[in-house]
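Worksheet for the structure shown next.
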Amino acid sequence: MKFQNKLKLLFAFSAWFVLAQCVFGNPVNKSLDSLRIAIVRQQASLDSVQQVRSTQMLKFSEVNGQINEYKIELGKQRQPLLEFRLNAALKKSRELADKISILDARVNQIKVNLQELYKQMIATLDTEIRSLLSSSNSKTPNQAALNSSQRLSKEKSGYFSRLNSIKINVSEWQNITIEANDSPQRIMMKTTLLKDKAARLERVILQDEERLRELEKDKKMQNEMLVFYLDLSRTLEDEQGIFDRDRLEELKDQSENFAREIQIIKSQISENKLNSVNLYEKISRFTQAWKKKLENY
266 MKFQNKLKLL
276 FAFSAWFVLA
286 QCVFGNPVNK
296 SLDSLRIAIV
306 RQQASLDSVQ
316 QVRSTQMLKF
326 SEVNGQINEY
336 KIELGKQRQP
346 LLEFRLNAAL
356 KKSRELADKI
366 SILDARVNQI
376 KVNLQELYKQ
386 MIATLDTEIR
396 SLLSSSNSKT
406 PNQAALNSSQ
416 RLSKEKSGYF
426 SRLNSIKINV
436 SEWQNITIEA
446 NDSPQRIMMK
456 TTLLKDKAAR
466 LERVILQDEE
476 RLRELEKDKK
486 MQNEMLVFYL
496 DLSRTLEDEQ
506 GIFDRDRLEE
516 LKDQSENFAR
526 EIQIIKSQIS
536 ENKLNSVNLY
546 EKISRFTQAW
556 KKKLENY
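See below:
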């Protein structure tokens, strides 16, 4: 290797070493590294728990589909076997709801952890940026420090965005609890409030299910139109060499939009049914607590 090239490498290594000492060689940056690692681990945990939750929600949705089918069949004719299957499905739905509730609590806790880590990261980045800027003399600016401060400022903006995007999902009814000094009348008032929320939730579910039926009907018609148009296009292409690909793509896009909207509605229905199961379970517990309180009042 030529001496000039060796010299260039030496200068490059020296510059990198100085920059590394500036950016990574102090306690603040060690703290930043620790926070970055903690954030990555918490995010990985969140992704893992949410994946498990998605799997459980699919099972919950399937079980509730079975429950609806059993109820429809039993409405036509009472059958002991169907009643047994319905009760088994209701029990399974309750068990899945309990599992999902535990997962939801875990998700919310991880989100709280991430919020705290993001706040710590933002504060630590602020400290490091101020330190870098103060080390840069106005007459002889330290370009490495300026570059590092810009990089860290961009990183801080990213954490601000993440912090603002975190949403901790807690339904209003979940905050309704029985206090030790609650009278039977107050417990009954809270139970009535829960029943009102359950009734409203049931209405929302019915509206969503009606909307789902309409969308599925529209999607079926759209698919029939798509098949018809494909057959017509092939005929025209064979006979006249004409094929309207733009119209075909438009019909495909419309069909995909219907499919996406149907999936969104199905997801909403599943989440609302999950809330409904948990809500009625809470109403049952409140009713038992009211009876017990009434006996000892």
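Each number in our numbering comes from the position in the sequence shown (counting from 1) with 265 added on.
Where is the CB? At the ideal position from N, CA and C, for every residue including glycine.
Note that the coordinates shown come from a computational prediction; the quantities given were computed from them, not determined experimentally.
Out of Ser299, Asp312, Ile302 and Leu323, the CA that lies nearest to the CA of lysine 531 is found in Leu323. Following the DSSP letters along the chain, one finds threonine 442 in no alpha helix (DSSP H), marked with neither H nor E.
Comparing C-alpha distances from leucine 311 to each of Ala354, Gln553 and Asp369 shows the shortest one belongs to Asp369.
Of the residues Ala388, Asn434, Asn446 and Lys432, the one whose Cα lies closest to the Cα of glutamate 420 is Ala388. Counting only residues of its own chain and dropping the five nearest sequence neighbours on each side, leucine 477 has a CB closer than 6 Å to the CB of Ile530. Residue state for serine 535 is assigned as helix, using DSSP reduced to three classes.
The alpha-carbon separation between tyrosine 383 and arginine 550 amounts to approximately 38 Å. With a threshold of 16 other beta carbon atoms within 10 Å, valine 372 meets it and is buried. Shortest Cα-Cα distance from glutamine 331 to any of Leu347, Asn407 and Thr552 involves Leu347.
Spanning the alpha carbons of alanine 353 and glutamate 546 requires a straight line of approximately 17 Å.
Sequence-distant partners of valine 542 (beyond 5 residues in either direction) whose C-beta falls short of 7 Å from its own C-beta, in its chain, are Ser358, Arg359 and Ala362. Judged by their CB atoms, isoleucine 441 and lysine 460 are not nearer to each other than the 8 Å cut-off. DSSP places lysine 357 inside the alpha helix (DSSP H), whose first and last residues are 345-399. When Cβ pairs closer than 8 Å are counted between the two stretches, the stretch 519-530 is seen not to touch the stretch 300-319, the count staying below three. In this structure the stretch 464-474 lies against the stretch 534-541, because at least three pairs of beta carbons, one per stretch, are closer than 8 Å. Each of Gln528, Leu397 and Ala463 was checked against the Cα of serine 418, and the nearest Cα belongs to Leu397. From the listed residues Glu479, Arg465 and Ile443, the smallest Cα separation to threonine 552 is found for Ile443. With a threshold of 16 other beta carbon atoms within 10 Å, asparagine 446 falls short and is exposed. Counting other Cβ atoms within 10 Å of its Cβ, glutamate 393 reaches 16 or more and is therefore classed as buried. Nearest C-alpha to isoleucine 304 among Ser413, Ser520 and Asn378: Asn378.
Methionine 386 counts as buried, since at least 16 other C-beta atoms from the protein chains shown sit within 10 angstroms of its C-beta.
A direct Cα-Cα distance of roughly 48 Å separates tyrosine 424 from glutamine 450.
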